[in-house]
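Participant: Take a look at the following structure, please.
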Amino acid sequence: MKKITKNFKFAAMMLLLAGVMISCGKENNANEDNYFWNISPNSPTTSIVNSVDGIEFTFCLMDSTQNPSTHFKEGEPFTIYFAMKNCSNDSLIFFVGLPCDLTNHGLGDIFHSGDNRLVIDFGVPCLLSMGYYPFPLNKEYQFIPSDAHSGNTQIMLPKGKYTAKIIHTFEFLLNKDQFINENNLIYFGTITFKIDFEIY
0 MKKITKNFKF
10 AAMMLLLAGV
20 MISCGKENNA
30 NEDNYFWNIS
40 PNSPTTSIVN
50 SVDGIEFTFC
60 LMDSTQNPST
70 HFKEGEPFTI
80 YFAMKNCSND
90 SLIFFVGLPC
100 DLTNHGLGDI
110 FHSGDNRLVI
120 DFGVPCLLSM
130 GYYPFPLNKE
140 YQFIPSDAHS
150 GNTQIMLPKG
160 KYTAKIIHTF
170 EFLLNKDQFI
180 NENNLIYFGT
190 ITFKIDFEIY
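Under numbering that gives the first Met the number 0, residue 199 is the last one in the sequence shown; the count climbs by one each step, no gaps.
Now the structure itself:
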């Protein structure tokens, strides 16, 4: 009888441990999902607007009338728009480092949905280059990238299905730090912004 009781207790402990591990796994996946933001032509919204620790990010494609959209007529010019706003409780400094994806790997590069082939890559998306930039409360930085090869901000594509994508880790410092110390950098991400859209 004692042996059965011990086996029962052992089995119960193992089930409890398994439950804890499963719940932890779900929590980690949920956190990963929170940093992968995706909309498609069938989504009820046409813009990605999301926040991480008080930093609000906006990513969308704007039609010729400056309205967000995921459907464009062939020959209709559109632009990529990305912004981040400090809605947190702290005045920050936005750090743009040398390996910063926003400056070295483009912003919202466009891929063909069928084969994931790069269609348009974007160069430096804004006046920001390597350095530190004030990011006080309610400050918003807006980025409208241009084609790395042509310099155009307006895009026109043939009919088809495409994806615009940003994958980036954002880096900030608290403004109250007396000295800029890269060991005190605050990292947000890696965050993936992905917009599937259609040219018809």
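In this text, a Cβ means the ideal position worked out from N, Cα and C, and glycines have one as well.
Taking C-alpha atoms, which residue in T162, Y199 and Y34 lies nearest to C59?
Facilitator: With distances taken between Cα atoms, C59 lies closest to T162.
Participant: Hey, D52 and S90: beta-carbon distance below 8 Å or not?
Facilitator: Not in contact: D52 and S90 (Cβ atoms no closer than 8 Å).
Participant: Rounded to a whole number of angstroms, what is the C-alpha to C-alpha distance between V48 and S42?
Facilitator: Those two C-alpha atoms are separated by around 13 Å.
Participant: Per DSSP, which one or two residues make a beta bridge with N85?
Facilitator: Bridge partners of N85: I54.
Participant: Would you identify the three-state DSSP class for L97, choosing helix, strand or coil?
Facilitator: Low confidence applies to L97: its pLDDT is 43, below 50, so where it sits in the model is not reliable enough to give any reading.
Participant: Which class does E31 belong to by DSSP, given the choice of helix, strand or coil?
Facilitator: With a pLDDT of 47 at E31, under the threshold of 50, the modelled position of that residue is not reliable, and the figure given next carries that caveat. Correct three-state label for E31: helix.
Participant: Counting only the same chain and skipping the five closest in sequence on each side, list residues whose C-beta sits under 8 Å from that of I154.
Facilitator: Same-chain partners within the cutoff: P76, F77, T78, I79, I109, I119 and D146.
Participant: What is the rounded straight-line gap between the Cα of M61 and the Cα of I185?
Facilitator: Each residue's alpha carbon lies about 31 Å from the other.
Participant: Where P64 and F71 are concerned, what is the direct C-alpha to C-alpha distance, given to the nearest angstrom?
Facilitator: Here residue 64 turns out to be Thr, not Pro, going by the sequence shown. One C-alpha to the other measures close to 12 Å.
Participant: Excluding the 5 residues flanking F134 on each side, which residues of the same chain have their C-beta closer than 8 Å to its C-beta?
Facilitator: Hits under 8 Å: N85, S90, L91, I92, F93, Y140, F171 and N174.
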